[in-house]
Every structure is written in C-alpha cells, then in structure tokens.
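Please read the structure below before turning to the comments.
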Amino acid sequence: MSQVTLDHIESEHARIGALIEQFKQQAVATEYVIERTVIPLPAGARVAGPIFKEDGALDYYLILHKGESSDVNHAAAKAYVGDRGFKLPNRREGRLLQAAFPEFCAEGSMWLEEDYEPDPAYAWYQNYDYGNQNGYRESAELRAVAVSRFIPSVI
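Take 1 as the starting number for the sequence shown in the UniProt record's numbering and just add one per residue.
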C-alpha cells in the first residue's frame, strides 16, 4: 500500500473538485409542459408559433393577422399596423414568419419593427427571396404586415 501524504490528498481533492464542476456543467434533461392554451383568433388570423425566452421558457405566441398594406414607407407601415392595434414583426418574429409561412413571405419584402442602428435613415426589412434581413431606406415602399403577441397566463 502506498503512503498517503497531504500533497496526495490535496491533489486528489482538486481532481475530484474538477470532476464535480464538470458534472455540474452537463446538460440536464428537462420537460417542457404546454398547458391547455386557448388562443382567440380573429377571422383570417394564423398562429405562427411560439417565441421562447433565453432560458427556454415560453414567452408568447406570435399571431399573423389578415390584411396588409403594400407599397408603404416605414413610418406609414408602423402607422398602418398601429391604427389596427397591432405591430410590425421584429427581426426574430420575421424569421419565425419565414419558417411558418414561406409562401406568405414570398409575396414580397416586408418592413420589420426595428430601426437600423448603423444609419438612422434606414430600418430593418425582410427580403422575400430567402428571408434575408437587412437595412433599407425608410422611404422605400414595402409591405406592412400586422402581428400581435399572445401571452398565455395561468389563472
């Protein structure tokens, strides 16, 4: 049997501590439970899908509403959807719309909610070809599509 020394115990302690930390970093299996959710939809509206928070929890469901305005600049697009009580999709929501409704997105480029940071005269838009997103002059005329966010609540 080998002799046990303080150095040996300390090195083993450090090794075991490192193994414990490595184990803690492993992915942990979780369950994602979707409670019975009823989403009220106006005529012609469609659920695009869920939007999740950074931690993986459900944030809200994105709803695409019927009707759109064509050939409008960014300010007019915001006014159009705002007057109806809706919003333009943000960049993340635009990607979800492209995945959920590629045929709808293929009908033409659409304005997104956010201003384009590098240039205040530009805003984000989503191209109809492949769903690419980029900045475009706010004075350009594109589609305005209306979305809303349904946040389920536990009552």
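Ideal Cβ positions, reconstructed from N, Cα and C, are used throughout, including at glycine.
To the nearest angstrom, how far is the alpha carbon of residue i from that of residue j?
i           : j      : result
GLN25       : ILE16  : 14 Å
residue 156 : GLU114 : Given a span of 1 to 155 for the chain in the structure shown, any question on residue 156 remains unanswerable.
LEU142      : LEU58  : 31 Å
SER70       : ALA144 : 6 Å
MET110      : LEU62  : 16 Å
TYR116      : ILE51  : 22 Å
ALA121      : SER139 : 8 Å
PHE23       : LYS53  : 25 Å
GLY82       : VAL147 : 10 Å
ALA48       : HIS8   : 60 Å
SER153      : LYS66  : 25 Å
TYR130      : ARG91  : 14 Å
ASP97       : TYR136 : Per the sequence shown, the amino acid found at residue 97 is Leu instead of Asp. The alpha-carbon atoms of LEU97 and TYR136 are separated by roughly 19 Å.
Would you list the one or two residues that DSSP bridges to residue i?
i           : result
residue 160 : Here the chain comprises residues numbered 1 to 155, so residue 160 is not present and cannot be evaluated.
PHE150      : TYR61
ARG46       : LEU64
ASP115      : ALA123
ILE51       : TYR60
ALA144      : SER69
By the three-class DSSP mapping on this structure, what secondary structure does residue i have?
i     : result
ARG36 : coil
TYR61 : strand
VAL81 : helix
ASP71 : strand
LEU88 : coil
ALA14 : helix
Taking only beta-carbon positions, decide if residue i is within less than 8 Å of chain D.
i     : result
ILE20 : Looking for chain D here will not work: only one protein chain is present.
Discussion item. Under 8 Å: do the region 90 to 107 and the region 125 to 142 share three or more Cβ pairs, one atom per stretch?
Written reply: As far as the Cβ criterion goes, the region 90 to 107 touches the region 125 to 142, which means the pair count is three or higher.
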